[in-house]
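Below is one structure, written out as structure tokens; the observations come after it.
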């Protein structure tokens with residue numbers, strides 16, 4: 345289970361995360377929601393160790409990760425799919441995937457079978473350059489690459505941003521398989537409310553760097569939505 | 030890189046100390062050293078050797094260059110790595126006058142300089158005309174570097190070339206100039222340069238009194254250069270320039286044209302270097318293209334970094350310290366000098382980023398590794414802990430570390 | 036009456052992506068406008084076009100009736116358009132007073148600043164700015180040592196001494212404490228009237244506090260405009276913020 349407690353983060357003098365705490369159980373999916381600028385991406389980056397935090401702790405599967413650098417956290421079993429996908433455009437699909445396996449350590453450079461079970465279309469595109477893929481295909485590649493680590497937890501930052509509706513639907517299915525079938529912990533940031541409602545089981549609402557509400561997705565009332573997500 | 034601890038318009042106390050320090054240095058160079066060479070008889074304990082007079086004169090020329098460099102780099106944030114070129118151009122202008130002053134007393138007994146006779150040239154090239162007049166040569170020593178700087182800077186700053194790209198291009202500029210001057214056909218003596226000077230303004234360059242006078246003039250020039258730069262940095266324009274160094278985009282938004290301010294600081298800096306070069310060549314007796322080599326300009330930056338950027342007085346200090354050390358080491362331990370220079374550069378960057386002057390303020394000491402070590406050692410002798418720098422809130426101290 | 040700012044059919048493309056798509060909006064003298072919209076809606080690009088940082092592919096921007104579309108940045112700034120960025124960009128090695136003083140010069144050429152003294156009207160402008168932003172006691176402090184909120188107010192003060200007609204304020208309360216946010220709301224509200232102010236913000240609570248008129252941008256054009264109530268209940272706005 346992934347747990348981030350009481351994170352305080354500063355960007356220069358600006359207090360961007362104020363005691364934010366989130367948690368995700370194994371085999372479940374939690375969505376962090378909120379308007380732009382509330383600190384959702386910063387929170388994910390803090391969990392991943394990509395930005396320094398002033399105080400607070402991050403742990404996964406009982407292991408304390410607050411002092412670990414991002415590569416250690418990846419090896420500990422957290423896969424990260426950043427906003428904007430960030431696959432390597434000059435490398436082929438196969439090379440992008442193999443890069444992920446490097447973080448696993450050991451000699452095996454095989455891409456896990458799970459990747460192709462979830463994204464069969466990638467097998468047909470192994471020689472294609474990352475930069476030549478469409479947005480939706482790149483997103484699939486990005487998630488697949490995170491999965492090559494054989495992670496126990498996957499963090500996705502706005503995976504549906506700028507993706508066509510058919511692929512969005514597929515992504516939703518993939519995410520569901522990840523936590524329902526593979527029993528991973530999935531932490532999601534999403535702006536699209538219907539998608540979040542369909543895919544995630546729990547929610548955390550952020551406002552001004554801290555969590556203002558949380559609970560089961562079913563209890564995300566219209567009032568909360570109006571106050572913290574809409575204008 | 031961190032800006033200096035003291036900045037223009039800051040507490041007058043620091044500025045007064047800096048001015049006093051430089052005044053003392055100038056007084057030594059302009060008055061004390063020359064007098065102690067000319068007045069006491071040779072062999073007396075008070076007598077300062079001719080060699081030492083020339084050395085001091087040279088160091089003072091370097092100090093002028095350092096002050097000019099600090100204006101461009103420490104205050105305007107322009108890391109120029111071609112200041113050696115401006116220095117050399119000023120030097121060549123004076124060198125050309127000194128060559129023409131040789132008259133017909135050269136090796137070939139010709140009205141043309143020796144190297145031209147050697148190259149079988151029949152007459153003086155057009156660009157050598159006028160250099161028989163001292164005033165013209167001085168004017169050229171100031172104008173030529175100024176114009177070169179202005180033209181280059183005009184295009185570079187308008188195109189918003191900055192940072193390391195600009196520095197690299199300046200290195201290319203000085204290197205290209207060096208290659209140009211190496212060619213005999215260019216007409217400045219090729220790789221031998223201009224040398225064997227006999228007299229300046231009628232006074233023999235071999236006469237110690239002439240050398241002492243040159244040293245004195247250099248001291249006065251250093252005082253003048255410092256005064257000019259000091260006036261600029263304490264003016265409103267100076268504050269714009271430092272603001273531009275710190276947050277250029279904002280200065281542009283506020284209606285100032287950064288290119289114009291950079292061009293001003295850069296050109297003034299080049300002109301001062303030219304003056305320094307013109308004072309240097311009669312004292313050293315030679316000017317050749319090796320003054321334009323890229324490493325010379327890098328050394329200039331090291332003097333300023335060691336002394337302390339953005340303080341003017343720090344630049345003077347750095348130039349004197351580094352070149353003083355160089356003069357001593359290249360005689361005492363010739364092979365050691367390059368290692369010392371390298372170590373100095375690395376050491377200052379890692380341990381004392383604000384230069385030597387950083388050690389003079391409490392806040393500076395708190396920020397530098399060396400200062401903290403010194404503070405730690407002296408505090409260990411006194412039981413109570415050293416207090417944190419006053420006026421800096423605790424959170425800010427942590428942010429700074 | 037001529038609007039203070041008239042943006043007409045402005046289009047900006049970056050590599051095929053339309054940041055602004057025929058955007059039209061206008062501001063009247065003395066109003067306080069809040070500009071909101073999801074990520075990528077074009078808010079920052081719009082400010083860039085107004086201040087002259089970005090040239091639009093088509094369309095015009097008129098400031099007090101005058102076409103400023105193709106003018107360089109520092110000229111537009113000189114005409115009275117002030118911009119405050121999200122992250123404070125005060126001059127850290129200068130005092131609060133020096134920061135303000137740097138902004139007052141009417142004539143900003145090199146020769147003038149070399150030789151001139153501060154005029155009395157400039158001194159008065161500095162005092163007014165210090166008073167409005169509450170930074171009078173901090174005038175000798177190095178700006179780099181101020182608290183985050185104070186830096187933001189100093190920056191607003193630095194705009195004020197130039198007596199701008201139009202103030203563009205980008206996410207002023209990001210990272211501020213509650214007290215700082217309230218103070219910022221007071222400052223901005225007191226500026227409207229003498230100045231025209233545009234505030235870009237994501238923090239809806241803050242927008243609710245200060246908004247007179249709200250303009251919602253989406254995909255490079257104006258989606259909706261009106262009072263906070265109008266905009267909140269507009270179904271298109273809700274859809275855009277919550278996703279289809």
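Protein chains in written order, with our numbering: chain A, 345 to 575; chain B, 30 to 430; chain C, 36 to 279. Glycine included, C-beta positions come from ideal geometry on N, C-alpha and C.
| Asked | Found |
| --- | --- |
| Close Cβ partners of residue 218 of chain C (< 8 Å) along its chain, the five nearest in sequence each way excluded | 169, 184 and 188 |
| Proximity below 8 Å, CB of residue 309 of chain B to CB of residue 87 of chain B | yes |
| contact_flag[the segment 350–370 of chain B, the segment 112–123 of chain B] where n(CB pairs < 8 Å) is 3 or more | no |
| Whether residue 101 of chain B touches residue 107 of chain B by CB criterion (8 Å) | yes |
| Cross-chain neighbours of residue 360 of chain A in chain C, by beta carbon under 7 Å | 210 |
| Beta carbon of residue 240 of chain B nearer than 8 Å to that of residue 312 of chain B | yes |
| Cα-Cα separation between residue 47 of chain B and residue 159 of chain C, rounded to whole angstroms | 33 Å |
| Residue burial classification, residue 213 of chain C (beta-carbon count within 10 angstroms, cutoff 16) | exposed |
| Ranges of the beta strand (DSSP E) found wholly within the segment 451–539 of chain A, counting only runs of at least 3 | 497–501 and 529–533 |
| Residue ranges of each alpha helix (DSSP H) within the segment 351–422 of chain A, 4 or longer | 384–392 and 414–419 |
| Inter-residue CB distance, residue 350 of chain A and residue 393 of chain A (contact presumed, cutoff 8 Å) | 16 Å between Cβ atoms; not a contact. |
| Where the segment 114–138 of chain C meets chain A: residues whose CB sits under 9 Å from a CB there | 121, 122 and 123 |
| Assigned exposure category for residue 387 of chain B - 16 Cβ within 10 Å defines buried | buried |
| Backbone CA spacing between residue 175 of chain B and residue 434 of chain A [nearest angstrom] | 47 Å |
| Chain-order list of residues whose beta-carbon lies under 6 Å from that of residue 199 of chain B (same chain, five-residue window excluded) | 109, 110 and 111 |
| Distance between residue 125 of chain B and residue 468 of chain B (C-alpha atoms, nearest Å) | Any property of residue 468 of chain B remains undetermined from this structure, which presents chain B solely from 30 to 430. |
| Separation of residue 406 of chain A from residue 264 of chain C, as counted between CA atoms | 47 Å |
| Residues of the segment 182–206 of chain C whose Cβ lies closer than 8 Å to any Cβ of chain A, in chain order | 182, 183, 186 and 206 |
| Test: residue 575 of chain A CB closer than 8 Å to a CB of chain C | yes |
| Within 8 Å, strictly: CB atoms of residue 427 of chain A and residue 385 of chain A | yes |
| Spatial distance of residue 253 of chain B from residue 191 of chain C (CA atoms) | 40 Å |
| Rounded straight-line distance, which links the Cα of residue 275 of chain B to that of residue 32 of chain B | At residue 32 of chain B the pLDDT is 37, less than 50, meaning the model places this residue with poor confidence; the figure from the coordinates comes in the next sentence. If I take the Cα positions, the gap works out to 8 Å. |
| Within chain A, partners of residue 251 of chain C - CB distance below 8 Å | 575 |
| DSSP state of residue 69 of chain C mapped onto helix, strand, coil | strand |
| Three-way DSSP call (helix, strand, coil) for residue 79 of chain C in this model | helix |
| Short CB-CB distance (under 8 Å) between residue 362 of chain B and chain C | no |
| C-beta neighbour in chain C for residue 38 of chain B, strict 8 Å | Reliability of the predicted coordinates at residue 38 of chain B is poor, the pLDDT of 42 falling under 50, and no value is obtained from them. |
| Local Cβ density within 10 Å of residue 380 of chain A, reported as buried at 16 or more and exposed below that | buried |
| Contact belief for residue 573 of chain A with residue 532 of chain A at Cβ below 8 Å, rounded distance in angstroms | Between residue 532 of chain A and residue 573 of chain A the Cβ distance is about 15 Å, and since that is not below 8 Å, they are no contact. |
| Positions along the segment 535–546 of chain A whose CB lies within less than 7 Å of some CB in chain C | 535, 536, 537, 538 and 539 |
| Counted within 10 angstroms of its Cβ, other Cβ atoms place residue 36 of chain C as buried (16 or more) or exposed | exposed |
| Supposed contact pair residue 251 of chain C and residue 71 of chain C - C-beta distance, whole angstroms, cut 8 Å | 6 Å |
| Contact set between residue 43 of chain C and chain A, taken where Cβ atoms lie within less than 8 Å | Here the premise fails: no neighbours, minimum Cβ distance about 25 Å. |
| Which of helix, strand or coil DSSP assigns to residue 405 of chain B | helix |
| Cβ-based neighbour list, residue 100 of chain C, same chain, cut-off 7 Å, excluding 5 preceding and 5 following | 37 |
| Exposed unless 16 or more other CB atoms sit within 10 angstroms - verdict on residue 34 of chain B | Model confidence at residue 34 of chain B stands at a pLDDT of 33, short of 50, so the residue's coordinates are unreliable and nothing is read from them. |
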